[in-house]
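Trainee:
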Amino acid sequence: MTTTARTRKTAAKAATEDTPPEATSPQAGAAEADSAPTAPDAAPLEPPHVDEAPEPPASSPYVTPTEVIPDEENLSDVILDDATGQPPADVNTVFVPLTPFGSTLQCTVRLVERTFLGPHRNPVTRLLQPKGAVVSESIAARIRERLDAQAARTGSNQ
Numbered sequence: 000m001t002t003t004a005r006t007r008k009t010a011a012k013a014a015t016e017d018t019p020p021e022a023t024s025p026q027a028g029a030a031e032a033d034s035a036p037t038a039p040d041a042a043p044l045e046p047p048h049v050d051e052a053p054e055p056p057a058s059s060p061y062v063t064p065t066e067v068i069p070d071e072e073n074l075s076d077v078i079l080d081d082a083t084g085q086p087p088a089d090v091n092t093v094f095v096p097l098t099p100f101g102s103t104l105q106c107t108v109r110l111v112e113r114t115f116l117g118p119h120r121n122p123v124t125r126l127l128q129p130k131g132a133v134v135s136e137s138i139a140a141r142i143r144e145r146l147d148a149q150a151a152r153t154g155s156n157q
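In numbering that gives the first Met the number 0, the protein residues as written are 0 to 157.
1. Compare the C-alpha of LEU127 against each of PRO47, VAL93, GLY154 and name the closest.
2. Measure from the alpha carbon of LEU104 to the alpha carbon of each residue in ILE78, ASP80, ARG141, then state which is nearest.
3. Any idea if VAL108 is buried or exposed, counting beta-carbon neighbours within 10 angstroms, 16 or more meaning buried?
4. Would you decide whether VAL111 is buried or exposed? Buried here means 16 or more other CB atoms lie within 10 Å of its CB.
5. Short of 8 Å in beta carbon distance, which residues of its chain neighbour ALA151, apart from the five on each side in sequence? Order them along the chain.
6. Expressed to the nearest angstrom, what Euclidean distance is found between the alpha-carbon atoms of GLU144 and ILE138?
7. Relative to the C-alpha of SER174, which residue among GLN149, PHE115, PRO47, VAL134 is closest?
8. Can you tell me whether ASP80 is helix, strand or coil according to DSSP?
9. Looking only at its own chain, which residues have a Cβ that is under 8 Å from the Cβ of VAL95, when we skip the five neighbours before and after it?
10. Please report the residue range of the beta strand (DSSP E) in which LEU127 lies.
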């Protein structure tokens, strides 16, 4: 701000030296100052332009299939419904057909298995199938066989 005032004073001093003495009267200077538009000290503030947030991408209707089932030596004896913490009540409703005439099935519950891994046989709970996973008939058949065998074991123990 101070540099602006100095340049104005310098410009006014140079103008008074170039003009005749009768033009430098106080009344003439006041008339010129009133008629000349003055610049504001600061530019008016405008609200910043804010774009709307883009729409989030639509969630995919498909859940990525989990086609990996551990080998026979690392299979677990206990498969549980993650929501209840118990084995699925009805083994036949765990997998339902995705389409009426299709060969792919959809898992209706989140299946986890409790197993023991490593040299010290540490207990681990791992995901077997997520809820909504689309799997082939062969994978569903393997899991159903394991669920049936588990139900037979628990049924004979009771």
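Using N, Cα and C, we set each Cβ at its ideal position, and we do this for glycine too.
Mentor: Put simply:
1. VAL93
2. ARG141
3. buried
4. buried
5. none
6. 10 Å
7. Any question about residue 174 goes unanswered here, given that the chain covers just 0 to 157.
8. strand
9. LEU104, GLN105, THR107
10. 121–128
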